[in-house]
Amino acid sequence: MIELKGKGVSAGAAFGPLRFFRRAERKAVPRIATDEPETELKRYQAASEAAKLQLGDLAEKVRAEAGNDAASLFETHQMMLDDLDFIDTVTKLIHEQRLSAEAAVEDAGKQFAEMFSSMDDAYMKARSADVHDISARLIRILTGTGDPGVPGNGPVIVASDDLTPSETVQLDKNRLLGFVLSGGNSNSHTAILARTLGIPAVICVSGLDRKYEGHPAIIDGQTGRILMEPDEAEKKLYLEKQKQQQEEHRLLNQLKGKPDATLDGKTIRLYANIANPGDLSSVLDCDARGIGLFRSEFLYLGKEDFPSEDQQFAAYKTVLEGMKGKPVIIRTLDIGADKQAGYFGLAPEKNPALGMRAIRICLTRPEIFKTQLRALYRASAFGNLSIMFPMITSVWEVQEIKRICAEVREELTGEKIPYSGRVPLGIMVETPASVMVSDQLAREVDFFSIGTNDLTQYTLAVDRQGVKGLDRFYNPYHPAVLRMIRTTVENAHKAGIWAGICGELGSDPTLLETFLAMGVDELSVTPRAVLSLRNRIRRLDSQKNREKLLAKL
Amino acid sequence: MKTFVYNLEDPLGIHARPAGLLAKEAAKYKSTVTIIHGEKKADTRRLIALMALGLKGGDTITVQAEGPDEAEAADGIRTYLTEKHY
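Heads up: the protein sequence lines correspond to chains E and R, in order.
Be aware that the first sequence starts at 1163, since it is given in this note's numbering, and climbs by one per residue.
Be aware that the second sequence starts at 202, since it is given in this note's numbering, and climbs by one per residue.
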C-alpha cells in the first residue's frame, strides 16, 4: 500500500479505480523525412480504417443515447475520411515531401481547415472544426495516444494535472467518484465542480504518477490522503467514514423547510449556485430559497458555434419553471480569461484576466449580448427572473447595459412577445474599481452580488489559477478583501438595495459570523453547502460579537 | 448526361451533416454526380469540396449525373432533395 498526500478541497471519501484524464492536445508530431513512403502510406491507410471503426462505434453509442440526428455527425466524419481530395493530398505529401504519415495528415488537415475558416460564413467556419477533428483522430491513432476524456466505462476517480473549464464540462458526471490533481488550487474550476457534485477532490498531490493508471484507490477530500491499493482494514475504515457522512447528511436533512434565520431573528436569503439546468434537482433537493448565481457559460463552452436564442430560451425557461416562482438570478456570459471557446475568435492575450472577457465582450459585440438578453427576457414570463452582469468596473457600462436591455424589451413589445415587466438587474462586484464606486453603482441597479474569487484575485494581484507556490499568496481572508466586501455592503444599504455573496467565500464557515456582522443579505453557495450553512445560521446570534468583529476589519 | 436545376430551401444550406447524407444518397448510384453552383463545382464523392461550396438556402444549384444509371440517379437525387427539404 502506498500513500500519497495532497490538499483536500472538497470533502467526502471515495473508493474506485484511478484513471488519468486524456488530453485532446497531443505530443509534437514527428516530422523526420521518410525513406519509405510506401510504409508511411500503408500506416496512413490502416489508421484511416481504424478511425472509421472508432467513429462507427461512437455513432452507435450516440444513436442509443441521443438519436439518429446526433449520430449522423460521426457518420459524416467517417465519410470525410474517404474523401478523395483529402486522400490525394495526404498521398502527395507523403510521396513528394517525404513526410511521415502523421505529419502529412497534420499538414493536409491544416490546409483543408484553413480553406473553411477563410470562408465568410459561421457554419462554414465551424466545418474547419470537423476537419481538425478527423485529422486529430488520425494522428492520435498514428502516434498511439487515446481519445480525449476519461478512459473506461464504469465509475472512476479522475486523475490529472489540472482540468480546464471546457474539459470539465465534457466529463460524464455520472462516472465521477472524485478528483485527484497534481496541480490546481482550491478555487480552480475542478475544485468548484467537485463541491457542486458533492464528491471529494484532492489537489497539489505529489508523486501522482501514470504508473497508477487503473489502480484502486481511496481518496479522502478532507485530509487530502490518497491510499493506493488499500487493504481490507483500510477499506473498512473508509466504509465507516462513509457511514458517518451519511449520518451527518440525515441530520441536515431535518433542516429542510426550516427558515434561514439567526437566533436574534435576522433572516438571510440562502440561495444556491448552479452551472446548468441539470443542477436544478440538487437545488430542489437541498431546499435553497432560490438560485443566486446561474452561470450561463455552459451554453457557450464546449460548443462549435454560438448557442441560438431558442436554445438559450429553452434552458432558462426550464430552470425558471423548475424553481416555481422562487428567485433565479442568471448571470450573463462570463467567457474569456480561463474560460475559452474557440468560435468567439478572441485574439490571444498576454494577460487574459485583464483582457477581453465577460461584459467587455458583450458591450463590444452587442449582437452576442442581445441574443442572450432576448432569450432571458422571453424566459422571464415563466418565473421569477433577475439578471446579473459580470466584471463591471464603471458606471457607464451599467448605463449602456440598461440602454441595451430597454432596446430588447422594446423589440419584444413590438413583436408582441410576452415578458415580465419586473426583472431586477444587478451586477457582480468583483473588481476593486466597482467596490470603490459602489456608492454610484448602487444608484443604477437593484442588487449587488459579490464574486469573491475574482475580487480576491484582482485585489491581491494573484492569479487564482496560477502556478504552484502562489497558493499562499492567494488569501481570501486578507483584510483588504474583507474591507472591500464591507464597503460594498454598506454602500448597497445606503442606496436601499441588497447585497449578497456568490463566490466560494460565501460558504466558508469561519467567515459566516463576520458576513452577518457586516449586514450581508444573501449568501449563494454550492447546493451541497446549503443545509450545513442553514444549520450554522440558525445557531448564530448576529449581534453578539458584531462590534468586536467589525473593529477587527 | 442528365442535369436538373434545384433551389435550396433549408436556410442552413448544405453544411456537414446534410452534405454527408447527400453524398451517401449519391453513392447509391454508379454514375458520377456533380453539384454545380456558379463557377464552382464538386463531385459528391469529394465530400469536403462539396461542403466547401458553402451552399445556403436560396442558392440555385445544378445537379449533373453522368454514367450508366444517370437517368435513375438524377431522378432519385431530385426526389431526395425535395423530400428532405434541402
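The beta carbon of each residue, even a glycine, is placed where N, CA and C say it ideally should be.
Exercise. Beta-carbon of residue 1220 of chain E versus every beta-carbon of chain R: anything under 9 Å?
Worked result: Taking Cβ atoms only, chain R never reaches closer than 9 Å to residue 1220 of chain E, which makes this a no.
Exercise. So which residues of chain R does residue 1274 of chain E contact, with C-beta pairs closer than 9 Å?
Worked result: Counting only Cβ-Cβ distances below 9 Å, residue 1274 of chain E has contacts in chain R at 249 and 253, in chain order.
Problem set entry | Residue range of the unbroken alpha helix (DSSP H) whose run includes residue 1696 of chain E | If you look at residue 1696 of chain E, you'll find it in the alpha helix (DSSP H) that goes 1689–1699.
Problem set entry | Touch test, the segment 1213–1223 of chain E against the segment 1409–1421 of chain E, Cβ-Cβ under 8 Å, three pairs minimum | At 8 Å Cβ cutoff, the stretches do not touch.
Exercise. So, helix, strand or coil for residue 1594 of chain E, using DSSP?
Worked result: In the structure shown, residue 1594 of chain E sits in a helix (DSSP, three-state: H, G or I).
Problem set entry | Sub-9 Å separation of residue 238 of chain R and residue 261 of chain R beta-carbons | Yes, Cβ-Cβ distance for residue 238 of chain R and residue 261 of chain R is below 9 Å.
For this session: Identify whether residue 1341 of chain E lies in helix, strand or coil by the three-state DSSP scheme.
Result: The answer is strand: DSSP assigns residue 1341 of chain E an E or B state.
Problem set entry | Supposed close pair residue 1439 of chain E, residue 1496 of chain E - CB separation, criterion 8 Å | With 8 Å as the limit, residue 1439 of chain E and residue 1496 of chain E do not qualify as a contact, their Cβ atoms being about 17 Å apart.
For this session: Could you give the DSSP three-state label for residue 1623 of chain E: helix, strand or coil?
Result: Judged by DSSP in its simplified three-state form, residue 1623 of chain E adopts coil rather than helix or strand.
Exercise. Applying a beta-carbon distance threshold of less than 8 Å, which residues of chain E neighbour residue 259 of chain R?
Worked result: Listed along chain E is no residue with a C-beta nearer than 8 Å to that of residue 259 of chain R; the closest approach is about 13 Å.
Exercise. With respect to the alpha helix (DSSP H) encompassing residue 1174 of chain E, which residues constitute its N-terminal and C-terminal limits?
Worked result: Premise fails: residue 1174 of chain E is in no alpha helix (DSSP H) and is neither H nor E.
Exercise. What are the uninterrupted segments assigned as alpha helix (DSSP H) that are 4 or more residues long and contained completely in the segment 1492–1535 of chain E, given in chain order?
Worked result: Counting only runs of 4 or more, we get 1521–1526.
Exercise. Beta carbon of residue 1365 of chain E, beta carbon of residue 1340 of chain E: below 9 Å?
Worked result: The answer is no: Cβ separation not under 9 Å.
Exercise. In this structure, does DSSP put residue 232 of chain R in helix, strand or coil?
Worked result: It is coil, neither helix nor strand.
Exercise. From E:1498, E:1629 and E:1521, pick the residue whose C-alpha is nearest to that of residue 1511 of chain E; which is it?
Worked result: Minimum Cα distance to residue 1511 of chain E is reached at E:1498.
Exercise. Name the DSSP bridge partner or partners of residue 263 of chain R?
Worked result: Bridge partners of residue 263 of chain R: R:206 and R:237.
Exercise. Would the beta-carbon of residue 1352 of chain E fall within 9 Å of that of residue 1435 of chain E?
Worked result: In this structure, residue 1435 of chain E does not lie closer than 9 Å to residue 1352 of chain E by Cβ.
Exercise. Can we say the segment 1683–1703 of chain E touches the segment 1442–1454 of chain E, given the rule of at least three CB pairs closer than 8 Å?
Worked result: Three or more Cβ pairs drawn from the segment 1683–1703 of chain E and the segment 1442–1454 of chain E lie within less than 8 Å of each other, which places the two stretches in contact.
For this session: Measuring only between beta-carbons, confirm whether residue 225 of chain R sits less than 9 Å from chain E.
Result: By this cut-off, residue 225 of chain R is an interface position.
Problem set entry | Cross-strand partners of residue 1433 of chain E (DSSP beta bridge) | E:1686.
For this session: Look at the Cβ atom of residue 1661 of chain E, then the Cβ atom of residue 1380 of chain E, and state whether they are nearer than 9 Å.
Result: Cβ atoms of residue 1661 of chain E and residue 1380 of chain E: not closer than 9 Å.
Exercise. Can we say the segment 1563–1570 of chain E touches the segment 1590–1598 of chain E, given the rule of at least three CB pairs closer than 8 Å?
Worked result: The segment 1590–1598 of chain E and the segment 1563–1570 of chain E do not touch, with fewer than three beta-carbon pairs separated by less than 8 Å.
Problem set entry | Within 9 Å, strictly: CB atoms of residue 1368 of chain E and residue 1166 of chain E | Yes.
Exercise. Anyone know if the C-beta pair for residue 1603 of chain E and residue 1648 of chain E falls short of 9 Å?
Worked result: With contacts defined as CB atoms closer than 9 Å, residue 1603 of chain E and residue 1648 of chain E fail to qualify as a contacting pair.
Exercise. Using 9 Å as the limit for Cβ to Cβ distance, is residue 222 of chain R near chain E?
Worked result: Judged by the 9 Å Cβ criterion, residue 222 of chain R is in contact with chain E.
Exercise. So which residues on chain R does residue 1234 of chain E lean against when the C-beta distance must stay under 8 Å?
Worked result: Near residue 1234 of chain E (Cβ distances below 8 Å), the residues of chain R are 218, 221 and 222.
For this session: Could you tell me whether any Cβ in chain R is nearer than 9 Å to the Cβ of residue 1246 of chain E?
Result: So, interface residue.
Exercise. Checking contacts by CB at 9 Å: is residue 211 of chain R closer than that to chain E?
Worked result: Not one chain E Cβ lies under 9 Å of residue 211 of chain R.
Exercise. Would residue 1663 of chain E be called buried (16 or more neighbouring beta carbons within 10 Å of its own) or exposed?
Worked result: Counting Cβ neighbours within 10 Å, residue 1663 of chain E comes out buried, since at least 16 surround it.
Exercise. Taking just the CA atoms, how far does residue 1267 of chain E sit from residue 1685 of chain E?
Worked result: Going from the Cα of residue 1685 of chain E to the Cα of residue 1267 of chain E covers about 52 Å.
Problem set entry | residue 1278 of chain E: contacting residues in chain R (beta-carbon distance under 7 Å) | Chain R residues near residue 1278 of chain E: 253.
Problem set entry | Residue of E:1504, E:1485, E:1643 and E:1576 minimising C-alpha distance to residue 1677 of chain E | Of the candidates E:1504, E:1485, E:1643 and E:1576, the one whose C-alpha sits nearest the C-alpha of residue 1677 of chain E is E:1643.
Problem set entry | C-alpha gap between residue 253 of chain R and residue 1513 of chain E, whole angstroms | The alpha-carbon separation between residue 253 of chain R and residue 1513 of chain E amounts to approximately 36 Å.
Exercise. So what does DSSP say about residue 1202 of chain E, is it helix, strand or coil?
Worked result: Residue state, collapsed to three classes: helix.
Exercise. Ordered along the chain, which non-local residues of its own chain (more than five positions away) have a Cβ less than 7 Å from that of residue 1257 of chain E?
Worked result: 1199, listed in sequence order.
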